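Structure, as structure tokens:
Residue numbers (our numbering): 1439 to 1602.
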């Protein structure tokens, strides 16, 4: 009976060594393109973010979850694609988590959703200098938005890309 126990113990040790020796690399996973510290989108747009990552494909697929985000934001559990039909302005915290055979990583960032301003008529010539006061009005309610963030940059297709 002792011989059978010793044989069984040796057999288990050999099998364990062979199984572990086949692929001794541990699963690893890292998100490589987190939009930190923040990203910007506009009201009535569709916001998307596709995480990129490094992982050993021999350990199987990555699964994705949205841990935090604005109401209506979704993540595709298989691809990680984050999408949101931007329906309210504000400053939101977003956190996504990817898991890969026990290894995981997360990406947290702030997403600012603002109103797109089209200033008409566009003025010709320039350069123009001075101060501009802006009051941002919510198109739906007609009310001013207190503490609104306004970012001014060159107009799309501006022949002078350094205009701000």
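The beta-carbon is built from N, C-alpha and C at its ideal position, and this holds for glycine as well.
It should be emphasised that the depicted structure is a prediction, and the values quoted were computed from it without experimental measurement.
> Is residue 1584 helix, strand or coil when you go by DSSP?
Replying inline: It is coil, neither helix nor strand.
>> Restricting to Cα atoms, I'd like to know which of 1581, 1544, 1549 is closest to residue 1528.
In response: That would be 1549, whose Cα lies nearest to the Cα of residue 1528.
> In or out: residue 1543 buried (at least 16 other Cβ within 10 Å) or exposed?
Replying inline: With 16 or more other Cβ atoms within 10 Å, it is buried.
> What are the residues that DSSP puts in a beta bridge with residue 1545?
Replying inline: Note: residue 1545 sits in a beta bridge opposite 1534.
>> Using a Cβ-Cβ distance cut-off of 8 Å, determine whether residue 1466 contacts chain D.
In response: Absence of chain D from the displayed structure is noted, only one protein chain being present.
>> Considering only the alpha carbon of each residue, which of 1504, 1499, 1481 lies closest to residue 1487?
In response: The shortest Cα separation from residue 1487 among 1504, 1499, 1481 belongs to 1504.
>> At a cut-off of 7 Å, would you count residue 1585 as near the ligand ADP, judging by its Cβ distance to the nearest heavy atom?
In response: As for the ligand ADP, it is missing from this structure, which has no ligand bound.
> Short check: CB of residue 1552 to CB of residue 1481, under 8 Å?
Replying inline: Cβ atoms of residue 1552 and residue 1481: closer than 8 Å.
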